[in-house]
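Worksheet for the structure shown next.
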């Protein structure tokens, strides 16, 4: 049985699309740029908010100065409204509770900035004792760099062979590969089954309950 399960956040534990889209579109519109549908913005998510803004900005306006301008508007808005429409995916709260009762350690590894990551964990999972909750932090590279996974493993005090990483994107699957840990991809998030399977994870699952099998082996 695995001793530590590390989860991605956006698209894996929480359906955050509507709130990310609202904050992104608020920042874009404030600067006079075209906005995007939530589904389009969902396709921009996965590599941190700077990359999200770069993808959302129109061609010819993707400079770092413009990215930082959008960021400066996005963060205060998202800090206030980031939980307006966000909800855990079906079965997630119960599943985390099962893992906790089994004595399995639980970590979160997200490319969402740290302040928002911690806030959402407190709002939606107050009964879960996470071993580590790490979002995007200063001077720590974003996924698929494996540093965030190594930080959680070190804090948990387990070996790589005792770890299962769960995520919804190719970025997550590549992170697991780079960290040398087994991964399960979930299909209810931001990316397609084909993207997930192209990285040859341990499994790709359609329901939360299926993850438990791979925790147990």
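Numbering (this note's numbering), first residue to last: 9 to 225.
Positions of the beta carbon are idealized from the N, C-alpha and C atoms, including for glycine.
By the Cβ-count criterion, residue 50 is buried, with 16 or more other Cβ atoms from all chains shown falling within 10 Å of its own Cβ.
Between the region 126-145 and the region 94-114, the count of C-beta pairs closer than 8 Å reaches three or more; the two stretches touch. Across the structure, residue 162 and residue 46 are spaced so that their CA atoms are roughly 36 Å apart. Pairing residue 136 with residue 215, the inter-Cα distance amounts to about 20 Å.
Per DSSP, residue 186 is not a residue of any beta strand (DSSP E); the alpha helix (DSSP H) it occupies stretches across 178-187. Assignment of residue 118 by DSSP, reduced to helix, strand and coil, places it in the strand class. Taking C-beta atoms as the reference points, residue 172 and residue 10 count as a pair closer than 7 Å. Within the region 55-107, the runs of alpha helix (DSSP H) at least 4 residues long that lie entirely inside it are, in chain order, 57-64, 72-89.
Residue 178 is positioned such that its CB atom lies closer than 7 Å to that of residue 203. The three-state reading of DSSP puts residue 15 in strand, counting E and B together.
Considering only 86, 157, 43, 145, the residue with the shortest C-alpha distance to residue 16 is 157.
With a contact defined as Cβ atoms closer than 8 Å, residue 86 and residue 124 qualify at about 6 Å. Counting C-beta pairs closer than 8 Å gives fewer than three between the region 101-108 and the region 59-76, which falls short of the contact rule. Between residue 212 and residue 219 a beta carbon distance of about 11 Å is seen, past the 8 Å cut, so the two are scored as non-contacting.
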